[in-house]
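Chemist:
In this note's numbering, the protein residues as written are 17 to 102.
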């Protein structure tokens, strides 16, 4: 869509050690979150790593939204239970 086939072909494939290092860096608490943005939106990233980082950020966003929704539901149940018994 945004990238042509030539753009993908000019980068060599990521090796296993590169993927292990990428996943290790992404798993670090604050550094990993920042690096996901760097890999997603830098000027000359590896296209596979860039797409993976964008997908990871999207999934993190969906997970945060689901967690917030569940917290709100549990808080409303807890507040209604407290009001009912006191």
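Cβ coordinates follow ideal geometry from the N, Cα and C atoms, glycine included.
Since this is a predicted model, take the numbers as computed values, not measurements.
Residue 90 to residue 98, Cα distance in whole Å?
Modeler: For the purposes of this step, residue 90 is identified with residue 74 of the chain shown, where counting begins at 1. For the purposes of this step, residue 98 is identified with residue 82 of the chain shown, where counting begins at 1. Approximately 12 Å between the Cα atoms of the pair.
Chemist: Below 8 Å on the Cβ atoms is my contact criterion, and I expect residue 66 with residue 55 to pass it. Report the Cβ-Cβ distance as a whole number of Å.
Modeler: For the purposes of this step, residue 66 is identified with residue 50 of the chain shown, where counting begins at 1. For the purposes of this step, residue 55 is identified with residue 39 of the chain shown, where counting begins at 1. Their Cβ separation, rounded to whole angstroms, is 6 Å, which keeps residue 66 and residue 55 in contact under 8 Å.
Chemist: Could you compute how far the alpha carbon of residue 63 sits from the alpha carbon of residue 85?
Modeler: As a working mapping, residue 63 is identified with position 47 in the chain shown. As a working mapping, residue 85 is identified with position 69 in the chain shown. Computed Cα separation, rounded: 33 Å.
Chemist: Report, in whole angstroms, the separation of the C-beta atoms of residue 52 and residue 69, which I expect to be a contact under 8 Å.
Modeler: As a first step, residue 52 is located in the chain shown; it is residue number 36 there, counting from the start. As a first step, residue 69 is located in the chain shown; it is residue number 53 there, counting from the start. 5 Å between Cβ atoms; contact.
Chemist: When you compare only the Cα positions, how much space is there between residue 32 and residue 38?
Modeler: Counting from one through the chain shown, the residue named residue 32 turns up at place 16. Counting from one through the chain shown, the residue named residue 38 turns up at place 22. Distance between the alpha carbons of residue 32 and residue 38 is about 10 Å.
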